[in-house]
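>
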Ligand code: BG6
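Numbering (the numbering used here), first residue to last: 1074 to 1530.
1. Is residue 1294 close to ligand 1? I mean its beta-carbon at under 6 Å from any heavy atom of the ligand.
2. In whole angstroms, what separates the C-alpha of residue 1225 from that of residue 1442?
3. Let me know the beta strand (DSSP E) ranges lying completely inside the stretch 1369-1450, each 3 residues or longer, listed in chain order.
4. Looking at the unbroken alpha helix (DSSP H) that takes in residue 1268, where does it start and where does it end?
5. How is residue 1316 classed by DSSP in three states: helix, strand or coil?
6. Does the stretch 1255-1270 come close enough to the stretch 1474-1488 that 3 or more CB-CB pairs lie under 8 Å?
7. Using CA atoms only, rank isn't needed, just tell me which of 1129, 1191, 1445, 1259 is closest to residue 1222.
8. Which residues in the same chain as residue 1185 place their Cβ atom closer than 6 Å to its Cβ, once the five residues preceding and following it in sequence are excluded?
9. Please list, in chain order, all residues of the same chain as residue 1437 whose beta carbon is under 8 Å from its beta carbon, the five residues on each side excluded.
10. Between which residues of its own chain and residue 1358 is the CB-CB distance below 7 Å, once the five residues before and five after are set aside?
11. Which residue's Cα is closest to the Cα of residue 1153: 1147, 1525, 1163, 1433?
12. Quick check: the Cα distance between residue 1080 and residue 1320, rounded to an integer number of angstroms?
13. Indicate the three-state DSSP secondary structure (helix, strand or coil) for residue 1134 in the structure shown.
14. Grab the span of the alpha helix (DSSP H) containing residue 1019 for me, first residue to last.
15. What does the Cβ neighbour count give for residue 1420, buried or exposed, with the cut at 16 atoms within 10 Å?
16. At the level of alpha carbons, what is the spacing between residue 1146 and residue 1109?
17. Quick check for students: name the residue ranges of the beta strand (DSSP E) that lie wholly in the stretch 1139-1208, counting only runs of 3 or more.
18. Within 10 angstroms of its Cβ, does residue 1395 collect 16 or more other Cβ (buried), or is it exposed?
19. Looking only at its chain, what residues have a beta carbon closer than 6 Å to the beta carbon of residue 1517, apart from the 5 residues adjacent to it on each side?
20. Give me the DSSP bridge partner(s) of residue 1362.
21. What number of angstroms, rounded off, separates the C-alpha of residue 1187 from the C-alpha of residue 1135?
22. How big is the Cα-Cα spacing for residue 1075 and residue 1172?
23. Compare the C-alpha of residue 1507 against each of 1469, 1356, 1453, 1288 and name the closest.
24. Taking all protein chains shown into account, decide if residue 1525 is buried (16 or more other Cβ within 10 angstroms of its Cβ) or exposed.
25. Looking only at its chain, what residues have a beta carbon closer than 8 Å to the beta carbon of residue 1293, apart from the 5 residues adjacent to it on each side?
26. Let me check understanding here. Comparing Cα to Cα, which of 1491, 1449, 1160 lies closest to residue 1318?
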């Protein structure tokens, strides 16, 4: 889609890690694919830089081998020294903008919040768009108060609470497979589905992020945000269109209907943290020994929560969301396990467990695990996977995110009410963990997690 008007993308935190690692490569990819877009880039940060120094940073950030649109973006880019929490500086930024301003806050959440509080007291141009990174608040009440502040600045559909998982091609594949194939939708409910697992096991350890991660832990870093959004996509009612209102109404309804399994914060959730070990070729120290970690905080690096979506479609089906760091194998997938057949005709030998439908996230793959007749013995059942490999998706998740922000299409951004619901869902678990009611288990880095935890499908 072409960009609606002349737009200036203002990146606050222009000299930071998020900008160089994720935003700039994504912007370059987007412009290579859609060279007709007109985007001006205004970098804003507290560090003193000239326009020329900023352009040099940009060149390094986007790398070589791009088309003319990226060259134009870099050549026309400007930089402004600004503290986003200062009203005067925000005014200077607004004055420097050409066309419609998009403010992307690639800064810590407390800075973004303070900036929005300043904006709420200012006259801002119509069409101002705000993009913020997670976490959106620190609990349900603070998320609500942040939402109130944001809505004093601009209407909800100009607020982009960025969740790059919603831009991942695999997540979008769930929509395609389910809604474009008559085969699946009739089986997409508790009638036929026995359980759903959404798993994001990473081999990466802490990666020098103690300052942030030790405060967050796996539950907040991944489950409260990304994985609940993915779950909402998997479990939503069929929307009439993929437009912003239909899609976000449907996913928000799922989140509103979601509670902990049996409403029990202790039995429905587990937590663990890694001890020293080897992941691939890399030796990792115990999480508790990592620089910047306060072991007394008891931060978990692996979390698992089982939820129930209490609707006619899903009641009784456990949705287990799991995410962890420093695990032996990258295992990132959505797995629907179907119920076994009601009756297997006598005469078959072997087992006929429920079929499974897996969406692997990056490289994208969809695989259907089926019981089929073995080659040797015609009526002996064996398990085979039918697979389609989709690669990595043409667009980086952040390119998808940026494209929707520039086009002002909020369908894949987290709506304010959904952000509040995500905190409501996990809050009892956070409280139980803070009270020490759930043991903090351990697993060696490089393992599959604590040996005592039940295996997920
Ligand atoms: C981030 C989390 O939001 O998502 C990280 O803070 C996690 O801890 C990352 O590693 C995973 O996403 P991606 O796109 O890097 O696979």
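For each residue, glycine too, the CB sits at the ideal point set by N, CA and C.
Checking against the coordinates, here is how it stands:
1. yes
2. 50 Å
3. 1375-1382, 1392-1397, 1404-1411, 1429-1433, 1437-1446
4. First-last for residue 1268: 1266-1274, but that is the beta strand (DSSP E), not the alpha helix (DSSP H).
5. coil
6. no
7. 1191
8. 1178, 1205
9. 1242, 1243, 1246, 1462, 1463, 1464, 1465, 1466
10. 1349
11. 1163
12. 26 Å
13. helix
14. Since the displayed the chain opens at 1074 and closes at 1530, residue 1019 lies outside it and no answer follows.
15. exposed
16. 12 Å
17. 1151-1154, 1173-1178, 1202-1206
18. buried
19. 1348, 1350
20. Per DSSP, none; premise fails for residue 1362.
21. 30 Å
22. Summary for residue 1075: the model assigns pLDDT 44, below 50, so the residue's position carries little reliability; its value from the coordinates is reported in the next sentence. In a straight line, the C-alpha of residue 1075 is about 15 Å away from that of residue 1172.
23. 1288
24. exposed
25. 1208, 1499, 1503
26. 1491
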